[in-house]
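Asks:
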Amino acid sequence: DDSGHGHDEL
Amino acid sequence: MNIFRLLGDLSHLASILILLHKIQTTRSCRGISFKTQALYVTVFVTRYLDIFTDWVSLYNFTMKIFFIASTCYILYLMKMKYRPTHDPSIDTFRVEYLLGPCALLALLFHYRFTVLEVLWSFSIFLESVAILPQLFMLQRTGEAETITTHYLAALGAYRALYIPNWIYRYFTESGQIDPIAVTAGLVQTALYLDFFYVYFTKVLQGQKFELPA
């Protein structure tokens, strides 16, 4: 599962 | 959100405001690489396509809109309003040498093979090298207006601050890291080291930014 990469950074 | 990330984002915000201030007050975009600014627009547009699909927070949304809009406005100022003050003959870095390899890297390294994710990876790789035309220009002219160096310092500080942010997140978010963003971010920060050296030893001591011949 790669859901850790939510891209919440700018 | 942690203090490093917040300061990093504010530093990024500040860098753009400094650049706008420089262009407006001197009524000139002398010393600024149009190519670097055009690459930043490409970076922001390809990375922030998710504003249509993913809601993170009002903070996140507002910053994304600001980065896209302000950088487009800078391109407009350089290409239209203050066009005569921009000298393309010293802004000669070949951006295709950056775009090609970044596209290839994005096809090789991404988290999912979807248009949005590959473009996201592309934007991360491209951001890491987007400053090169600007640094190349600086190297060619050998000097810079003080305000331009403040712009670069704020931009470099933004990247540098993302590193402690990742370290903090690694320890507070159960060992999570984003290998693509971290690798590209380290490369990007490293590109500023030479600049920082001159900035700290000269500009902050009140001297002009001049590179040794």
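Sequences listed follow chains A and B, in order.
Residue 5 in the working numbering sits at position 5 of the first sequence, and the numbers go up by one each step.
All you need for the working numbering is the position in the second sequence, starting with 1, plus 1000.
Ideal Cβ positions, reconstructed from N, Cα and C, are used throughout, including at glycine.
1) Just the chain A side, please: which residues come within less than 7 Å of B/Val1198 by C-beta, in chain order?
2) Judging by CA-CA distance, which residue of B/Arg1169, B/Gly1185, B/Thr1149, B/Tyr1168 is the nearest neighbour of B/Leu1204?
3) Contact check, B/Val1182 vs B/Trp1166 under 8 Å by CB: the rounded distance?
4) Between B/Val1129 and chain A, is any beta-carbon pair separated by less than 7 Å?
5) How is the alpha helix (DSSP H) around B/Met1064 delimited, first residue to last?
6) Can you confirm whether B/Val1045, when its beta carbon is compared against all beta carbons of chain A, has any partner nearer than 7 Å?
7) Give me the Cα-Cα distance between B/Ser1123 and B/Leu1010, rounded to the nearest whole angstrom.
8) Between which residues of its own chain and A/Asp1 is the CB-CB distance below 8 Å, once the five residues before and five after are set aside?
9) Mapping the DSSP letters down to three states, classify B/Phe1209 as helix, strand or coil.
10) Residues bridged to B/Glu1143 by DSSP?
11) In whole angstroms, what separates the C-alpha of B/Val1056 from that of B/Gly1206?
Replies: In terms of the structure at hand:
1) Those do not exist, as B/Val1198 stays about 27 Å from chain A at its closest Cβ, beyond 7 Å.
2) With distances taken between Cα atoms, B/Leu1204 lies closest to B/Thr1149.
3) 6 Å
4) Chain A contact via Cβ: absent.
5) For the record, residue 1064 of chain B in the displayed sequence is Lys; it is not Met. That run of the alpha helix (DSSP H) goes 1058-1076.
6) For B/Val1045, the answer is no, since every Cβ of chain A falls outside 7 Å of its Cβ.
7) If you draw a straight line from the Cα of B/Ser1123 to the Cα of B/Leu1010, it is about 20 Å long.
8) Its pLDDT being 40, under 50, A/Asp1 is placed unreliably by the model, and the measurement read from it follows with that caveat. Here the set comprises nothing.
9) strand
10) B/Glu1210
11) 42 Å
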